[in-house]
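Peer 1: Questions regarding the structure given below will be posed in turn.
Protein chains: 2
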Amino acid sequence: MNLKNDLILRAARGEKTERTPVWLMRQAGRILPEYRKVREQLKDFVTFVKTPELAAEVTVQPVDILGVDAAIIFSDILVIPEAMGLPYKMLEAKGPWFEKTVKTEKDVEQLRIANGDDLSYVTDAIKLAKKELNGRVPLIGFSGAPWTLFAYMIEGSGSKTFSQAKKMLYTNPKLSHALLQKITDSTINYLKAQIAAGADLIQIFDSWAGILSPEQYNEFSLRYISQICDAITLVPKIVFAKDAYFARKAMSKIKCDVIGLDWTMDIAESRTLIGLNKTLQGNADPCLLYADYDVIKRETEKMLRAFGPSRYIANLGHGLYPDTEKDKVKFFVDTVKEFSTEVR
Amino acid sequence: MNLKNDLILRAARGEKTERTPVWLMRQAGRILPEYRKVREQLKDFVTFVKTPELAAEVTVQPVDILGVDAAIIFSDILVIPEAMGLPYKMLEAKGPWFEKTVKTEKDVEQLRIANGDDLSYVTDAIKLAKKELNGRVPLIGFSGAPWTLFAYMIEGSGSKTFSQAKKMLYTNPKLSHALLQKITDSTINYLKAQIAAGADLIQIFDSWAGILSPEQYNEFSLRYISQICDAITLVPKIVFAKDAYFARKAMSKIKCDVIGLDWTMDIAESRTLIGLNKTLQGNADPCLLYADYDVIKRETEKMLRAFGPSRYIANLGHGLYPDTEKDKVKFFVDTVKEFSTEVR
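Listed in order, the protein sequences are those of chains A and B.
Going by the working numbering, the first residue of the first sequence is number 55, and it counts up by one from there.
Going by the working numbering, the first residue of the second sequence is number 55, and it counts up by one from there.
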């Protein structure tokens with residue numbers, strides 16, 4: 055089906071666009087009263103993620119309500135560990151929690167390599183969302199980066215330091231690489247299934263990139279992200295490695311189309327490090343959306359000027375925080391659209 | 055009193071040293087069974103910090119046990135908010151928690167500017183520790199950076215995002231600056247009192263530096279750290295701004311002697327950005343100390359080679375994690391001493 059609005063795909067490929075495309079990480083989520091209403095029907099997060107009708111419904115909401123230029127399938131990065139054999143729970147105020155974690159080489163051997171069928175609830179949600187979107191905007195599929203999934207599978211929960219996961223890198227690099235390879239193979243299968251179901255582009259989230267040294271990042275994360283980017287050829291690929299400022303140059307060499315920046319990364323410096331062959335995405339501080347309208351307008355326009363009109367997708371530098379006012383999110387989206395149209 | 059070992063002071067001033075001095079952030083703490091034994095006598099953390107005899111005792115322990123080249127006074131960065139009028143509790147597994155937080159300009163007005171007398175339990179501990187050290191090694195005094203203290207005083211607890219503290223920067227910069235100035239004035243009084251009591255050098259910890267944009271960091275953090283460095287003239291000053299990779303160049307221009315690096319910061323790049331007029335401190339990953347002895351030796355020597363022999367103090371890039379083996383910490387210290395003696 056032809057897309058009515060393909061701005062984000064063209065920007066990802068480096069083609070000219072009439073204006074800057076914009077979407078927001080966590081746009082389908084708690085900032086929308088409409089989302090909270092759907093969530094009330096099914097409070098358990100993991101079950102909610104596994105219910106394609108509801109996942110598809112909240113995926114489409116921000117397109118209707120905020121006017122963003124892409125939808126992103128509502129799901130969770132931890133569906134891959136679960137499909138590999140490590141189920142998890144989402145605990146109120148505590149975040150994800152795994153009953154079983156990976157400790158030994160035997161634990162790694164016993165994990166399955168996930169395939170698309172294991173995650174049919176996600177591909178079903180994609181099919182439903184594509185139908186409801188009806189070509190209005192592209193649909194983004196996604197996965198966690200292998201290192202970030204590894205971190206949860208070893209640590210068993212969120213952590214400020216992920217010291218147990220990092221301990222494994224230092225004490226058993228062989229096990230670490232074996233697990234990372236199994237996660238990578240699963241992720242490639244998963245992303246291919248998302249694309250077969252209709253995802254128009256994909257994003258890889260490396261949420262815990264910033265706690266590794268540059269050297270460890272190359273060895274234990276970027277190598278596997280690169281394998282994924284080599285294997286996925288049909289759609290544009292976005293890589294967002296939060297806090298991995300040190301990897302910007304290395305990232306310019308992998309086969310992705312778009313690199314996400316967080317708000318600590320200077321825009322001009324990032325462009326210099328990354329070069330002109332990648333599209334950049336980001337990088338407003340989510341806390342900017344707590345500010346008054348005039349401050350949001352001023353800072354958003356400053357960001358747009360710094361990125362310039364080409365090879366750029368406007369977004370935040372992290373997911374929306376749940377207590378952000380919906381009207382301010384919409385104002386951010388509108389500011390991007392208006393200002394970038396004017397300056398063209 | 056003349057110090058028998060003043061390596062760290064000479065390294066801070068840029069003078070030649072026979073070998074590289076070494077100490078570790080959180081060296082006085084849970085990694086030592088001897089510390090845990092003293093802590094058992096008085097389980098409440100805040101009361102423990104306020105008991106000079108016990109604070110002095112655990113301050114001196116790592117000098118005896120690990121052979122480090124400096125002691126750091128055992129205390130907590132949150133003693134300043136408490137002295138200003140915001141008491142806190144340290145909750146098991148949850149960290150600091152403030153009953154009252156700063157919300158309005160009136161709240162800021164009602165806070166006191168702390169002076170040395172408000173924190174006599176710290177200066178008493180310093181005097182006792184100096185006596186017990188008896189000139190063996192220098193004693194480091196410390197404080198939190200104003201931004202990091204501000205973050206706790208607004209947020210009221212630890213946080214992954216400190217979104218409420220950052221919200222205040224965006225929504226009420228006037229209040230923010232008024233509070234930061236009051237914290238800065240308190241901190242200057244406090245550090246001067248620590249020096250009068252015997253601290254031989256001081257370190258400013260900006261634990262939450264990395265969550266600000268470079269622009270906000272200059273406006274809301276570095277400006278106040280710089281005021282402190284201007285006001286403290288009698289002893290060398292170390293500034294450790296965790297994750298503030300973007301501020302390295304700007305930091306080279308403030309009146310500090312030593313800049314702490316974390317393990318994400320490339321050593322050669324940091325030296326280029328900071329120049330030759332500052333001593334660097336750091337930057338081993340605390341998780342390295344989970345590794346086998348041969349890996350610790352290899353990586354520590356690699357670090358020492360990269361920093362080179364002059365203007366350098368060996369340390370970690372963050373505090374020791376509590377489950378680190380004491381013997382491995384000692385091995386790190388010994389490796390620094392032996393290798394840096396050999397290569398001189």
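Glycine included, C-beta positions come from ideal geometry on N, C-alpha and C.
Just so it is clear, the structure is predicted and the values come from calculations on it, not from any experiment.
Are the beta-carbon atoms of C341(B) and K221(A) separated by less than 8 Å?
Peer 2: Within the second sequence, numbered from 1, the residue matching residue 341(B) stands at position 287. Within the first sequence, numbered from 1, the residue matching residue 221(A) stands at position 167. Yes.
Peer 1: Looking at the structure shown, is W201(A) part of a helix, part of a strand, or coil, going by DSSP?
Peer 2: To locate residue 201(A), count along the first sequence from 1; it is residue 147. Helix.
Peer 1: Count the other C-beta atoms from every protein chain shown that fall within 10 angstroms of the C-beta of K291(B), then say buried if there are 16 or more, exposed otherwise.
Peer 2: If you number the second sequence from 1, residue 291(B) lands on position 237. In summary, K291(B) is buried, with 16 or more beta-carbon neighbours lying within 10 Å of its beta-carbon over all protein chains present.
Peer 1: Less than 8 Å between the beta carbons of L315(A) and R365(A), yes or no?
Peer 2: Within the first sequence, residue 315(A) is the residue found at index 261, counting from 1. Within the first sequence, residue 365(A) is the residue found at index 311, counting from 1. Contact: no.
Peer 1: If the criterion is Cβ atoms closer than 8 Å, does the pair A205(A) and A219(A) meet it?
Peer 2: Numbered from its first residue, the first sequence carries residue 205(A) at position 151. Numbered from its first residue, the first sequence carries residue 219(A) at position 165. Contact: yes.
Peer 1: Name the residues in the segment 259-270 of chain B whose C-beta lies less than 7 Å from a C-beta of chain A; which are they?
Peer 2: G264, S267, P268
Peer 1: Measure the C-alpha to C-alpha separation of F102(A) and A285(A) and round it to an integer number of angstroms.
Peer 2: One-based indexing of the first sequence puts residue 102(A) at position 48. One-based indexing of the first sequence puts residue 285(A) at position 231. Spanning the two alpha carbons is a distance of roughly 30 Å.
Peer 1: How about W201(A): is its C-beta nearer than 8 Å to some C-beta of chain B?
Peer 2: Here residue 201(A) refers to the residue found at position 147 of the first sequence. No - not a single Cβ of chain B is within 8 Å of the one on W201(A).
Peer 1: Thinking just about the alpha-carbon of each residue, which of I279(A), E111(A), E163(A), G139(A) is nearest to the one in A304(A)?
Peer 2: As a first step, residue 304(A) must be located in the first sequence, where it is residue number 250. Comparing Cα positions, the closest option is I279(A).
Peer 1: Skipping 5 residues on each side, what residues in its chain have a beta carbon closer than 6 Å to that of A368(B)?
Peer 2: For the purposes of this step, residue 368(B) is taken as the residue at position 314 of the second sequence. For A368(B), where only same-chain residues beyond five positions count, the Cβ hits under 6 Å are T74, V76, V390.
Peer 1: Got a sec, what are the start and stop residues for the alpha helix (DSSP H) N337(A) sits in?
Peer 2: Walking along the first sequence from the start, residue 337(A) turns up at place 283. N337(A) -> not in any alpha helix (DSSP H); beta strand (DSSP E) instead, spanning 333-338.
Peer 1: How long is the line joining the alpha carbons of E72(A) and R398(A), rounded to whole angstroms?
Peer 2: Start at 1 with the first residue of the first sequence, and residue 72(A) comes out as number 18. Start at 1 with the first residue of the first sequence, and residue 398(A) comes out as number 344. The straight-line gap from Cα to Cα measures roughly 7 Å.
Peer 1: Check whether the segment 370-387 of chain A touches the segment 340-359 of chain A, taking contact to mean three or more Cβ pairs, one atom from each stretch, closer than 8 Å.
Peer 2: yes
Peer 1: With DSSP as the reference, label D87(A) as helix, strand or coil.
Peer 2: Residue numbering aside, residue 87(A) sits at position 33 when the first sequence is read from its first letter. A small correction: the amino acid at residue 87(A) is Pro; Asp does not occupy that position in the sequence shown. Helix.
Peer 1: Helix, strand or coil for A66(B), going by three-state DSSP, please let me know.
Peer 2: Stepping through the second sequence from its first residue, residue 66(B) is reached at position 12. A66(B): helix per DSSP, three-state reduction.
Peer 1: Is A168(A) buried or exposed, if buried means 16 or more other CB atoms sit within 10 Å of its CB?
Peer 2: Looking up residue 168(A) in the first sequence gives position 114. Answer is buried; the Cβ neighbour count reaches 16.
Peer 1: On a Cα-Cα basis, can you pick out the residue from G362(B), L370(B), N243(B) that is closest to S394(B)?
Peer 2: Within the second sequence, residue 394(B) is the residue found at index 340, counting from 1. Of the candidates G362(B), L370(B), N243(B), the one whose C-alpha sits nearest the C-alpha of S394(B) is G362(B).
Peer 1: Give a yes or no on whether the C-beta atoms belonging to Q248(A) and G329(A) are separated by under 8 Å.
Peer 2: Taking the first sequence and counting its residues from 1, the one referred to as residue 248(A) is at position 194. Taking the first sequence and counting its residues from 1, the one referred to as residue 329(A) is at position 275. Result no, Cβ atoms of Q248(A) and G329(A) do not sit closer than 8 Å.
Peer 1: Report the residues of the segment 305-338 of chain A with a CB closer than 7 Å to any CB of chain B, ordered along the chain.
Peer 2: W317, T318, D320
Peer 1: Any idea what DSSP makes of I279(A), helix, strand or coil?
Peer 2: Along the first sequence, one-based indexing puts residue 279(A) at 225. Note: I279(A) maps to helix in three-state DSSP.
Peer 1: Please confirm whether V383(B) has its beta-carbon closer than 8 Å to some beta-carbon of chain A.
Peer 2: Locating residue 383(B) in the second sequence gives position 329, where the first residue counts as 1. Answer no: the Cβ-Cβ gap between V383(B) and chain A never drops below 8 Å.
Peer 1: With a threshold of 8 Å on Cβ separation, who are the neighbours of Y347(A) within its own chain once the five nearest residues in sequence on each side are excluded?
Peer 2: Here residue 347(A) corresponds to residue number 293 of the first sequence, with the count starting at 1. If we look at Y347(A) and ignore the five residues flanking it on each side, its Cβ neighbours are K382, F385.
Peer 1: Whose C-alpha, out of D118(B), I258(B), R302(B), K143(B), is nearest the C-alpha of A322(B)?
Peer 2: Position 268 of the second sequence, counted from the start, is the residue given in the question as residue 322(B). Nearest C-alpha to A322(B): R302(B).
Peer 1: Mind listing the chain B neighbours of A345(A)? Cutoff is C-beta to C-beta under 7 Å, in chain order.
Peer 2: Translated into the one-based positions of the first sequence, residue 345(A) becomes position 291. Simply Y224, T225.
Peer 1: Quick check on A298(B): does DSSP put it in helix, strand or coil?
Peer 2: Start at 1 with the first residue of the second sequence, and residue 298(B) comes out as number 244. Coil.
Peer 1: So, for A65(B): in the same chain, excluding its five sequence neighbours on each side, which residues have a beta-carbon less than 6 Å away from its beta-carbon?
Peer 2: What you label residue 65(B) is simply residue 11 of the second sequence in a count that begins at 1. Excluding five sequence positions before and after A65(B), the CB atoms of its chain that fall closer than 6 Å to its own CB belong to T71, P75, T333, I367, given in chain order.
Peer 1: Can you tell me which of K104(A), A109(A), Q235(A) puts its alpha carbon nearest to the alpha carbon of K91(A)?
Peer 2: The sequence position of residue 91(A) within the first sequence is 37, counting from 1. Of the residues K104(A), A109(A), Q235(A), the one whose Cα lies closest to the Cα of K91(A) is A109(A).
Peer 1: Thinking C-beta only, is L120(B) closer than 8 Å to G139(B)?
Peer 2: For the purposes of this step, residue 139(B) is taken as the residue at position 85 of the second sequence. For the purposes of this step, residue 120(B) is taken as the residue at position 66 of the second sequence. No, the pair does not count as a contact, with Cβ atoms beyond the cut-off.
Peer 1: Within the segment 163-210 of chain A, note down every full beta strand (DSSP E) run reaching 3 residues or more, in order along the chain.
Peer 2: 193-198
Peer 1: Have a look at A124(B), K104(B), R93(B) and flag the residue whose alpha-carbon is nearest the alpha-carbon of Q81(B).
Peer 2: Residue 81(B) sits at position 27 when you count from the first residue of the second sequence. Considering only alpha carbons, the answer is A124(B).
Peer 1: In this structure, does DSSP put Y142(B) in helix, strand or coil?
Peer 2: Translated into the one-based positions of the second sequence, residue 142(B) becomes position 88. Strand at Y142(B).
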